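Peer 1: The structure is given below, and queries will be raised subsequently.
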Amino acid sequence: MISIRLTLALWIAISIILYGCSSQRREAIPTLNWYVAGEPSGAFSMAAKRCSEDSGQAYKIEQVPLPADADQQREQLVRRLAAGDNSIDIIGMDVIWTAEFAQAGWILPWTGETAEQAKAGRLDAPLQSAIYQNQLWAAPFTTNIQLLWYRTDRVTTAPATWDEMILVAESLGKTGTIQAQGERYEGLTAFFISLLASNGGSVLDVSGKHISLAQQPTLQTLSTMARFANSSAADRALATAREDQARLAFESGHSSFMVNYPFVWPSAQRNAPEIAKHIGWARWPAAIEGKPSRFVIGGLNLGVSAYTPYPQLAFHAAACLTVARHQRMAAELGGLLPTVAALYDEPEIRTTYPFADVLRSSLNDAVQRPQTPLYNDISLAISRTLHPMRDIEPQKDFIRLRRAIERALNSEGLL
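Reminder that position 83 of the sequence shown reads as 83 in the working numbering, one-by-one numbering, no gaps.
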């Protein structure tokens with residue numbers, strides 16, 4: 001601890017020399033601004049307070065709240081970073097931003113001791129979400145993945161595949177509704193990419209520069225989406241449903257299945273305890289019988305802004321924020337899944353998440369969304385082409401989808 005404090009003190013002295021005579025920010029105790037989405041449980045603010053205290057007055061971390069919506073978060077950050085805003089030190093980054101922010105030069109690469117600390121003990125899928133072109137660009141902090149949630153008082157065994165789930169739901173009549181995300185936004189893109197990966201396909205090739213979309217898995221994916229959306233098992237509001245609308249509809253008691261993230265578990269216990277007694281869980285449904293499903297990974301990584309006046313301090317602070325004890329706190333208080341593998345074996349985590357083993361197996365098979373600086377355009381191309389799901393015509397939309405993604409890859413715009 002003494003050597004760490006001496007090292008940090010040295011960096012403070014260097015920062016004062018370098019920036020003391022300039023117009024940039026300068027504080028007796030440097031304030032590191034952490035731009036991140038608001039976290040209502042207080043887990044993030046407590047982690048910031050602990051790291052500030054443990055730094056021995058080397059720095060103070062101050063949260064700057066971003067909107068809850070990921071698209072709005074990105075918009076604010078892109079505008080500031082493109083302008084070289086030096087008020088940003090640490091960035092709470094959605095896992096889909098890594099390639100874009102790195103390619104644009106908005107974040108700094110992680111190297112040396114802090115990079116090793118950021119990698120240590122992490123699950124592979126969250127770690128890969130922070131890597132672009134074989135370089136680590138962020139520290140994995142929290143992760144996320146969808147499961148299948150179902151009513152155990154109506155269904156004795158979780159359906160293994162989408163085809164099976166649709167058939168079972170249809171047989172249940174009015175209570176057999178499947179809640180899913182069908183609005184024209186990132187959730188619809190995640191649905192498509194996950195089902196495509198489960199069918200053995202991918203949007204781009206391994207280089208991330210060229211389109212893949214092999215015909216057979218893509219047509220099968222589009223067929224399943226169309227079948228579901230036009231089934232009596234689909235909610236009438238599917239075309240406008242996001243994660244929270246699906247949660248609320250499931251908590252109302254009129255649905256038997258839901259694909260959604262683990263935040264629905266504590267929500268049901270709090271808001272619909274009678275229904276929570278009858279909630280079971282399983283992996284997201286497979287596309288091919290006998291083959292495991294693959295859902296896209298979500299979560300939050302911490303990057304260091306290329307424009308921070310205090311880069312070394314920011315790396316130390318970001319590494320501190322993402323240590324196991326802070327991930328444990330975020331999991332227990334905020335329902336945010338940890339990226340440290342060993343935490344899934346801890347009794348406290350297994351009490352909070354009785355489905356911890358299902359989460360871990362799902363994360364082990366998770367798929368990355370296309371790791372390209374053009375991902376935002378690709379996502380828009382997918383969601384715009386496939387919305388609403390009920391209007392999907394597999395053969396026709398297979399061609400339309402390829403054309404839309406090719407245009408996105410060529411930066412030709414979407415309109």
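Even for Gly, the Cβ is constructed at its ideal location relative to N, Cα and C. Every value quoted in this text rests on a predicted model; they were computed, and no experiment measured them.
Rounded to whole angstroms, what's the CA-CA distance from S484 to G334? Just pull it up for me.
Peer 2: Here the chain covers residues 1 to 415 and nothing more, so residue 484 does not appear.
Peer 1: Under 8 Å by Cβ, that's how I've got T372 and G208 pegged, so tell me the actual separation to the nearest angstrom.
Peer 2: Counting from one through the sequence shown, the residue named residue 372 turns up at place 372. Counting from one through the sequence shown, the residue named residue 208 turns up at place 208. Indeed, because the Cβ distance is near 5 Å, the residues count as touching under 8 Å.
Peer 1: Would L136 and A306 qualify as a contact pair, given that the criterion is a beta-carbon distance under 7 Å?
Peer 2: Counting from 1 along the sequence shown, the entry for residue 136 is found at position 136. Counting from 1 along the sequence shown, the entry for residue 306 is found at position 306. Contact: no.
Peer 1: Closest to E243 by C-alpha separation, out of E274, R50, Y261, A237, would be which residue?
Peer 2: For the purposes of this step, residue 243 is taken as residue 243 along the sequence shown, with counting starting at 1. When each option's Cα is compared against that of E243, the closest is Y261.
Peer 1: If distances are taken between C-alpha atoms only, which option among I91, E289, A47, E186 comes closest to D71?
Peer 2: In the sequence shown, counting from the first residue as 1, residue 71 sits at position 71. The residue with the shortest Cα to Cα distance from D71 is E186.
Peer 1: Taking only three categories from DSSP, how would you classify V64?
Peer 2: Position 64 of the sequence shown, counting from 1, holds the residue named residue 64. It is a strand residue.
Peer 1: To which residues does DSSP link T161 through a beta bridge?
Peer 2: Sequence index remark: in the sequence shown, residue 161 carries index 161 (1-based). According to DSSP, T161 shares a beta bridge with A286.
Peer 1: How long is the line joining the alpha carbons of I288 and R390, rounded to whole angstroms?
Peer 2: Along the sequence shown, one-based indexing puts residue 288 at 288. Along the sequence shown, one-based indexing puts residue 390 at 390. Their Cα atoms are separated by approximately 22 Å.
Peer 1: Among Q368, L213, N199, A286, which one has its Cα closest to the Cα of I297?
Peer 2: Taking the first residue of the sequence shown as 1, we reach residue 297 at position 297. Selected option, being the one with the closest Cα: Q368.
Peer 1: Within a Cβ cutoff of 6 Å, which residues of the same chain sit near Q220, ignoring the five residues on either side of it in sequence?
Peer 2: Translated into the one-based positions of the sequence shown, residue 220 becomes position 220. Excluding sequence neighbours, Q220 sits near N199.
Peer 1: Can you find the residues in the same chain that come closer than 6 Å, C-beta to C-beta, to D94, ignoring five residues on each side of it along the sequence?
Peer 2: For this step, residue 94 is matched to residue 94 along the sequence shown. Correct list, in chain order: A70.
Peer 1: Whole angstroms are fine: how far does the CA of Q128 sit from the CA of C320?
Peer 2: The residue you call residue 320 lines up with position 320 of the sequence shown. The residue you call residue 128 lines up with position 128 of the sequence shown. The straight-line gap from Cα to Cα measures roughly 20 Å.
Peer 1: Let me check understanding here. Comparing Cα to Cα, which of L300, S223, I178 lies closest to A241?
Peer 2: Sequence index remark: in the sequence shown, residue 241 carries index 241 (1-based). Among L300, S223, I178, the Cα nearest to that of A241 belongs to I178.
Peer 1: CB-CB under 6 Å to A125, same chain, minus the five flanking residues each way: which ones, in chain order?
Peer 2: For the purposes of this step, residue 125 is taken as the residue at position 125 of the sequence shown. Closer than 6 Å at the Cβ level, and outside the excluded window around A125, lie I297, L363, A366.
Peer 1: List the residues that DSSP assigns as beta-bridge partners of M93.
Peer 2: Counting from 1 along the sequence shown, the entry for residue 93 is found at position 93. N301, per the DSSP bridge assignment.
Peer 1: Once you ignore the five residues that flank T308 on each side, which residues in its own chain have a CB closer than 6 Å to its CB?
Peer 2: Here residue 308 corresponds to residue number 308 of the sequence shown, with the count starting at 1. Excluding positions up to five away in sequence, the list reads D89, A314.
Peer 1: Please report the straight-line C-alpha distance between Q76 and M225, rounded to a whole angstrom.
Peer 2: Position 76 of the sequence shown, counting from 1, holds the residue named residue 76. Position 225 of the sequence shown, counting from 1, holds the residue named residue 225. Taking the straight line from one Cα to the other gives about 33 Å.
Peer 1: May I ask which residues mark the beginning and end of the alpha helix (DSSP H) holding L321?
Peer 2: Here residue 321 is taken as the residue at index 321 of the sequence shown, counted from 1. Start and end: 311-321.
Peer 1: Classify P419 as helix, strand or coil using the three-state DSSP reduction.
Peer 2: Any answer about residue 419 is impossible in this case: the structure gives the chain only from 1 up to 415.
Peer 1: Quick check on the DSSP output: the beta strand (DSSP E) that includes P370 runs from which residue to which?
Peer 2: The residue labelled residue 370 in the question sits at position 370 within the sequence shown. For P370, there is no enclosing beta strand (DSSP E), as DSSP gives it neither H nor E.
Peer 1: What does a CB cutoff of less than 6 Å around F355 pick up in its chain, not counting 5 residues either side in sequence?
Peer 2: Reading the sequence shown from its first residue, position 355 is the one you call residue 355. Only W281 meet the Cβ criterion.
Peer 1: Candidates R360, R50, S223: which alpha carbon is nearest R283's?
Peer 2: Position 283 of the sequence shown, counted from the start, is the residue given in the question as residue 283. Of R360, R50, S223, the residue nearest in Cα terms is R360.
Peer 1: Are the CB atoms of T143 and A330 within a distance shorter than 7 Å?
Peer 2: Against the sequence shown, residue 330 aligns to sequence position 330. Against the sequence shown, residue 143 aligns to sequence position 143. One thing to note: A330 has its Cβ no nearer than 7 Å to the Cβ of T143.
Peer 1: Below 8 Å, can you find three or more Cβ-Cβ pairs linking the stretch 230-239 to the stretch 386-405?
Peer 2: yes
Peer 1: May I ask which residues mark the beginning and end of the alpha helix (DSSP H) holding L77?
Peer 2: By one-based count along the sequence shown, residue 77 stands at place 77. Where L77 is concerned, the enclosing alpha helix (DSSP H) stretches over 70-82.
Peer 1: Return the chain-ordered list of same chain residues with a C-beta closer than 7 Å to the C-beta of E406, the five sequence neighbours on each side being excluded.
Peer 2: For the purposes of this step, residue 406 is taken as the residue at position 406 of the sequence shown. The answer, listed in chain order, is I211.
Peer 1: Quick check on DSSP: helix, strand or coil for T308?
Peer 2: Counted from its first residue, the sequence shown places residue 308 at position 308. The answer is coil: DSSP assigns T308 none of H, G, I, E or B.
Peer 1: When you compare only the Cα positions, how much space is there between E251 and Q133?
Peer 2: In the sequence shown, the residue the question calls residue 251 occupies position 251. In the sequence shown, the residue the question calls residue 133 occupies position 133. Each residue's Cα considered, the two are about 43 Å apart.
Peer 1: Kindly list the residues whose CB is nearer than 8 Å to the CB of D357, restricted to its own chain and excluding five residues on each side of it in sequence; keep chain order.
Peer 2: Within the sequence shown, residue 357 is the residue found at index 357, counting from 1. Closer than 8 Å at Cβ, skipping near neighbours: Y344.
Peer 1: What is the rounded straight-line gap between the Cα of F192 and the Cα of Q181?
Peer 2: Here residue 192 corresponds to residue number 192 of the sequence shown, with the count starting at 1. Here residue 181 corresponds to residue number 181 of the sequence shown, with the count starting at 1. Rounded to the nearest angstrom, the two C-alpha atoms are 10 Å apart.
Peer 1: Nearest CA to the CA of A276: which residue from R294, A286, S255, V203?
Peer 2: Indexing the sequence shown from 1 puts residue 276 at position 276. Considering only alpha carbons, the answer is S255.
Peer 1: Kindly identify the DSSP beta-bridge partner or partners of W34.
Peer 2: Residue 34 sits at position 34 when you count from the first residue of the sequence shown. According to DSSP, which records beta bridges pairwise, W34 is partnered with Q63, I90.
Peer 1: Please name the residue, chosen from A82, K291, G112, Q103, that lies closest to Q312 on a Cα-to-Cα basis.
Peer 2: As a working note, residue 312 is residue 312 in the sequence shown. When each option's Cα is compared against that of Q312, the closest is G112.
Peer 1: Taking 7 Å as the cut-off, decide whether the C-beta atoms of A417 and L302 are in contact.
Peer 2: No statement about residue 417 is possible, as the shown extent of the chain runs from 1 to 415 and does not include it.
Peer 1: How many Å lie between N33 and W110 at the Cα?
Peer 2: For the purposes of this step, residue 33 is taken as the residue at position 33 of the sequence shown. For the purposes of this step, residue 110 is taken as the residue at position 110 of the sequence shown. Straight-line Cα distance between these residues: approximately 18 Å.
Peer 1: Would you tell me roughly how many angstroms separate the C-alpha atoms of A197 and G253, rounded to the nearest one?
Peer 2: As a first step, residue 197 must be located in the sequence shown, where it is residue number 197. As a first step, residue 253 must be located in the sequence shown, where it is residue number 253. When rounded, the distance between both Cα atoms is 31 Å.
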